[in-house]
Each structure stands twice: as C-alpha cells, then as structure tokens.
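Position in the sequence shown (from 1) plus 289 gives the number in the working numbering.
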Amino acid sequence: MFISKAFAQSEEITEIAVATAEAPSATEAFMMNMLLIGVLIALFYLLMIRPQQKRMKKHQEMLSELGKGSRIVTQGGLIGEVVKVVDDHEMEIKVGDTKLNIMRSAVMSTYAEAVPQAAADTKAKK
C-alpha cells in the first residue's frame, strides 16, 4: 500500500504524535479564559475609568477653590465673575450688568483655564 517504508514510518510517527498530544483540560481552558477576561478588565480600568477619575478630582478641586472675584465659564458658555458664594451648591455671578444665581455644578472651568484651551483648539482647526 505504501510506496516506501520511509513513508510508512512517517505516517506511524504522526499518528502516534497526534494520539499522545493532549488537548488542554477543561480547567486549564477555563483558567486561560479567566486570565484573558482579567487582562481586558485591567485594560478597561487603566484606559477608561482611571483618567475619568483624575479629571473629576481636578474639577472638584477647582470648584472648591472658587470664591469671590473668580472668573468662570459655565457649561452654557457664559463668562462671568463670582460675586458671592451663597452655599455649597449655589453662587451668584455677574455677567456684564446682570447678576445670575447659578448652581456650582454648572461651572465648567475657570476663565484662565478656558482661554488657552480655546486658543489651542482654533490652532488645531487651521
């Protein structure tokens, strides 16, 4: 049936190798899958959650430092100066000749932070 003895021997060797090669057991496959999921969760945390926490912490520090005379930019785009801080959640700002009561959470940034960022955005568009 075989052309030569060498061919017959190579067929026997591959059959023996296939028979002795073991597939990973169910627990080994499960552990490999769990390791992969763990790595994906760690990457998600490092690339998504951690940077957002840093931004939130920086924003909270900025809000706690606001006081009378601070120039701010609201989320609606108003630029004004803090006249007085009513309580932990509310402040009064002056925009032109108008005084407005706003929530502290509506403050996006201080004016000094917003101006360089806007200039960088315009240069990037060109």
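Here a beta-carbon is modelled for each residue, glycine too, at the ideal position from N, C-alpha and C. Predicted, not measured: the structure shown is a model, and the values here were computed from it.
Residue i and residue j closer than 8 Å at C-beta
i: residue 372; j: residue 383; result: yes
i: residue 359; j: residue 387; result: no
i: residue 381; j: residue 392; result: no
i: residue 375; j: residue 368; result: no
Simplified DSSP assignment, three categories, for residue i
i: residue 359; result: coil
i: residue 404; result: helix
i: residue 389; result: strand
i: residue 381; result: strand
i: residue 375; result: coil
i: residue 369; result: strand
i: residue 398; result: strand
Run of the alpha helix (DSSP H) containing residue i, from where it starts to where it stops
i: residue 353; result: 339–354
Taking 8 Å as the threshold, find out whether the stretch 324–344 comes into contact with the stretch 352–369 through three or more Cβ pairs.
In this structure the stretch 324–344 does not touch the stretch 352–369; the number of beta carbon pairs closer than 8 Å is below three.
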